[in-house]
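Inspection log for the structure reproduced underneath, given as structure tokens.
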Amino acid sequence: MADTRQLLIVEDIAALRQALAERAAVVFGVLQPAQAGTLATARAWLRDHRRVDQPLIALIDLGLPDGSGIELIGELSADSQASCIVTTIFEDDGTVMRALGAGAQGYLLKGEDIGAIEERLRGLERGEVAVSPQIARLLLARLRNPPAVQPEIDIALTHRETDVLRAIGRGLTIAEAAHALEIGAHTVGTHVKNIYRKLNIASRAEAAIEASKRGLV
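What the sequence shown shows, in UniProt numbering, is residues 1 to 217, in sequence order.
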């Protein structure tokens with residue numbers, strides 16, 4: 001029976017988004033897959049159309065115009081009915097591990113033929129894990145040669161960066177943080193970029209964890 005699940009495709013390249021939507025709709029039996037080209041559009045769809053009584057499959061690109069798809073994955077990790085599959089060009093170790101750590105349950109590379117991507121999605125229906133071969137090799141290599149544990153270093157933030165991190169930890173948007181701190185939204189955005197760079201993080205979910213670790217929330 002069709003439409004027993006919801007399907008969301010988050011991809012900023014329109015032609016690829018449509019191709020993924022068409023292939024995934026057939027695989028998962030969804031007549032009307034939702035499509036979003038930005039984080040904001042995806043969040044708006046989730047807010048207005050997410051049905052908690054239905055499983056959700058979300059194919060999520062990481063390099064979006066208004067942020068990283070890892071943020072959305074982290075937000076959906078609280079939804080026990082949601083399964084997030086990364087579709088991206090990024091195959092570096094750090095990005096892969098951040099996405100999986102945020103809650104991604106699969107990792108597909110857009111460099112693969114669309115038919116190969118469709119077949120890996122079909123594997124989900126057979127209980128398989130949807131990962132591209134390059135990612136499988138990367139994960140196996142990490143298992144064989146785990147990275148050495150590095151001592152945790154307390155990276156210093158400026159006073160204002162600490163204020164901004166506290167605001168993120170409280171769940172404030174950039175506009176809300178700017179209003180609370182009585183500074184411009186552009187300035188807050190600059191502080192957020194500096195915080196992400198200093199702490200080597202890529203999402204609001206990771207920033208919230210850092211705020212908690214530092215006792216800011």
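The beta-carbon is built from N, C-alpha and C at its ideal position, and this holds for glycine as well. Fair warning: this is a prediction, and the values are worked out from it, not measured in the lab.
With a CB to CB cut of under 8 angstroms and the five nearest residues on each side skipped, what residues in its chain are close to residue i?
i: residue 89; result: 63, 109, 110 and 111
i: residue 98; result: 70, 201, 202, 203 and 206
i: residue 216; result: 162, 165, 166 and 169
What would DSSP say about residue i, mapped onto helix, strand or coil?
i: residue 41; result: helix
i: residue 134; result: helix
i: residue 1; result: Confidence at residue 1 is low in this model, with a pLDDT of 44, below 50, so the placement of that residue is unreliable and no value is reported for it.
i: residue 29; result: coil
i: residue 208; result: helix
i: residue 78; result: coil
i: residue 87; result: strand
i: residue 12; result: coil
i: residue 185; result: helix
i: residue 171; result: coil
i: residue 108; result: strand
i: residue 199; result: helix
i: residue 216; result: coil
i: residue 20; result: helix
Since residue i is in the beta strand (DSSP E), which residue starts that stretch and which ends it?
i: residue 58; result: 56 to 60
Which residues mark the beginning and the end of the alpha helix (DSSP H) in which residue i is found?
i: residue 117; result: 114 to 125
i: residue 227; result: Here the chain covers residues 1 to 217 and nothing more, so residue 227 does not appear.
i: residue 36; result: Per DSSP, residue 36 belongs to no alpha helix (DSSP H); it is in the beta strand (DSSP E), 34 to 36.
State the Cα-Cα distance for the pair residue i and residue j, rounded to the nearest angstrom.
i: residue 180; j: residue 210; result: 20 angstroms
i: residue 292; j: residue 21; result: What the structure shows of the chain is the stretch from 1 to 217, and residue 292 is not part of that stretch, so it cannot be assessed.
i: residue 77; j: residue 183; result: 32 angstroms
i: residue 165; j: residue 25; result: 39 angstroms
i: residue 82; j: residue 46; result: 11 angstroms
i: residue 33; j: residue 50; result: 12 angstroms
i: residue 14; j: residue 114; result: 14 angstroms
i: residue 36; j: residue 44; result: 9 angstroms
i: residue 191; j: residue 30; result: 41 angstroms
i: residue 91; j: residue 59; result: 16 angstroms
i: residue 27; j: residue 39; result: 24 angstroms
i: residue 11; j: residue 5; result: 19 angstroms
i: residue 138; j: residue 214; result: 32 angstroms
Note down, in chain order, each residue of its chain lying with its Cβ closer than 6 angstroms to the Cβ of residue i, except the 5 sequence neighbours on either side.
i: residue 163; result: 181
i: residue 117; result: 108
i: residue 23; result: 118
i: residue 55; result: 5 and 81
Below 8 angstroms on the Cβ atoms is my contact criterion, and I expect residue i with residue j to pass it. Report the Cβ-Cβ distance as a whole number of Å.
i: residue 95; j: residue 61; result: Incorrect: roughly 12 angstroms between the Cβ atoms, too far for contact.
Cutting at 7 angstroms between CB atoms, please list the residues of its own chain near residue i, excluding the five before and the five after it.
i: residue 160; result: 191
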